[in-house]
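Numbering (UniProt numbering), first residue to last: 1 to 99.
Pasting the structure below:
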């Protein structure tokens with residue numbers, strides 16, 4: 001069997017990581033449902049939904065730009081923007097939750 005081109009190697013790497021990341025919660029679900037009450041799972045589901053939406057707003061989807069742009073200066077700029085916006089949004093959400 002001949003070696004795969006770099007594109008397919010990278011694709012398989014990303015695909016295997018995504019599959020593993022989605023498999024872990026499915027495997028952990030029976031244990032979590034035994035340990036938690038249904039009301040706790042409901043609150044966790046609401047919290048997780050808010051965090052998932054806030055994460056998109058916090059990062060401004062700049063992590064994609066960091067991957068696409070190979071210039072180190074622009075990658076540092078994207079990282080700085082993501083860190084700044086995520087930090088401020090985390091602080092605002094923490095203050096809102098504490099109130």
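C-beta atoms are modelled at their ideal positions from N, C-alpha and C, and glycine is treated no differently.
Can you tell me the Cβ-Cβ gap for residue i and residue j, rounded? I've got them flagged as a contact below 8 Å.
i          : j          : result
residue 58 : residue 86 : 4 Å
Which residue marks the beginning of the alpha helix (DSSP H) containing residue i, and which one marks its end?
i          : result
residue 69 : Counting along the chain, residue 69 falls outside any alpha helix (DSSP H), and DSSP gives it neither H nor E.
residue 61 : Counting along the chain, residue 61 falls outside any alpha helix (DSSP H), and DSSP gives it neither H nor E.
residue 3  : No alpha helix (DSSP H) contains residue 3, which DSSP labels as neither H nor E.
So, is residue i buried or exposed, given that buried needs 16 or more other C-beta atoms within 10 angstroms?
i          : result
residue 36 : exposed
Taking residue i as the reference, which of the options has the closest Cα?
i          : options       : result
residue 64 : 5, 78, 24, 92 : 78
Report yes or no: is there a C-beta of chain B within less than 8 Å of the C-beta of residue i?
i          : result
residue 10 : In the structure shown, chain B cannot be found, because there is only a single protein chain.
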